[in-house]
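Peer 1: Position one of the sequence shown corresponds to residue 1 (UniProt numbering), numbered consecutively onward. Using N, Cα and C, we set each Cβ at its ideal position, and we do this for glycine too. Given the structure is predicted, the values throughout are model-derived calculations rather than measurements. Pasting in a structure now, in structure tokens, and then I'll have a few things to ask.
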Amino acid sequence: MKKVTAIFDEMVLTRVEEALLSHGYKGFTIHKATGRGAYADTYNRNHLSAHIVMTIYVAFDDAEHVAKVLLDAAYTNVEGEGLVSISPVDNLFWINSKSEASAENLRSIGGQYEK
């Protein structure tokens, strides 16, 4: 399994959500965050910009596809618009059943696309 994390401008959240849903990915977590990278918001006193941090757990084979969907949907051609990372996941557990999640479990909540 893999964890795909994206940090992007909150103004494109709806577009990112719609893109994920249109590709069959309905399981994700979002957090509001502020930060600064290549771009600093000089209009704000602390120079921080508002962003969304989105986390998606996917089957190993789906990670690159999810990353591409996120990159395409969040792209605005503006400096410092964010990033996408893919990380390995050693173990993932469902709290409701106290059981370990499998790649097939993750595919049942998203990832139905042509490979």
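Which same chain residues, not among the five before or five after Ile30, have their C-beta less than 6 Å away from its C-beta?
Peer 2: Locating residue 30 in the sequence shown gives position 30, where the first residue counts as 1. So the qualifying residues of the chain are Ile52, Met54.
Peer 1: Tell me the DSSP secondary structure of Met54 in three-state form.
Peer 2: One-based indexing of the sequence shown puts residue 54 at position 54. Met54: strand per DSSP, three-state reduction.
Peer 1: At a Cβ threshold of 8 Å, is Lys26 touching chain D?
Peer 2: The structure shown has no chain D; it contains just one protein chain.
Peer 1: Which parts of the stretch 69 to 108 are runs of the alpha helix (DSSP H), unbroken and 4 residues or longer, counting only runs that do not cross its ends?
Peer 2: 103 to 108
Peer 1: For the structure I just gave you, are there three or more beta carbon pairs, one from the stretch 10 to 26 and one from the stretch 63 to 83, closer than 8 Å?
Peer 2: Yes: at least three Cβ pairs fall under 8 Å.
Peer 1: If we count the other Cβ atoms within 10 Å of its Cβ and call it buried at 16 or more, is Phe93 buried or exposed?
Peer 2: Position 93 of the sequence shown, counted from the start, is the residue given in the question as residue 93. That one is exposed.
Peer 1: So Ala19 is in the alpha helix (DSSP H); what residue range does that whole segment cover?
Peer 2: Here residue 19 refers to the residue found at position 19 of the sequence shown. 13 to 22 is the span of the alpha helix (DSSP H), which, as asked, contains Ala19.
Peer 1: Kindly give me the distance between the Cβ atoms of Lys3 and Ser87, rounded to whole angstroms, as I take these residues to be in contact under 8 Å.
Peer 2: In the sequence shown, the residue the question calls residue 3 occupies position 3. In the sequence shown, the residue the question calls residue 87 occupies position 87. Yes, Lys3 and Ser87 are in contact; Cβ-Cβ is about 5 Å, under 8 Å.
Peer 1: Would you tell me roughly how many angstroms separate the C-alpha atoms of Val62 and Asp90, rounded to the nearest one?
Peer 2: Locating residue 62 in the sequence shown gives position 62, where the first residue counts as 1. Locating residue 90 in the sequence shown gives position 90, where the first residue counts as 1. Before going further, note that residue 62 is Asp rather than Val in the sequence given. Roughly 16 Å separates the two Cα atoms.
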